[in-house]
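Residues 74 to 131 (my numbering) are what the sequence shown spells out, left to right. Encoded as structure tokens, the structure appears first; notes follow it.
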Amino acid sequence: MLDCTEPGCPPVETVVAVMPPSGATRRWTPHHPLDEITPELLARALAEPPGTTEGERP
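Written out as structure tokens, the structure reads:
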């Protein structure tokens, strides 16, 4: 969980990184605190291309 300091960014985002033994690390940043990340939100985020911010608050 990181404080987001970029303009217009929600105050907190959680970074999910997949680091395979070979190949590039892939990263997603749902804009929710860790205790709000549900299995459904995580599944939606991982269905998006890495580097996107799925699951943002309405």
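C-beta atoms are modelled at their ideal positions from N, C-alpha and C, and glycine is treated no differently.
Grab the span of the alpha helix (DSSP H) containing A118 for me, first residue to last. As a first step, residue 118 must be located in the sequence shown, where it is residue number 45. A118 -> alpha helix (DSSP H) spans 112-120.
With 16 other CB atoms within 10 Å as the buried threshold, where does T87 fall? Numbered from its first residue, the sequence shown carries residue 87 at position 14. That one is buried.
State yes or no: is the C-beta of G74 within less than 8 Å of the C-beta of P94? In the sequence shown, the residue the question calls residue 74 occupies position 1. In the sequence shown, the residue the question calls residue 94 occupies position 21. The amino acid at residue 74 is misidentified as Gly; the sequence shows Met. Contact check for M74 against P94 fails: the beta carbons are separated by 8 Å or more.
Do the CB positions of L114 and P122 come within less than 8 Å of each other? The residue you call residue 114 lines up with position 41 of the sequence shown. The residue you call residue 122 lines up with position 49 of the sequence shown. Not in contact: L114 and P122 (Cβ atoms no closer than 8 Å).
Spatial distance of C82 from G124 (CA atoms): Translated into the one-based positions of the sequence shown, residue 82 becomes position 9. Translated into the one-based positions of the sequence shown, residue 124 becomes position 51. Near 15 Å, if we compare the C-alpha coordinates of G124 and C82.
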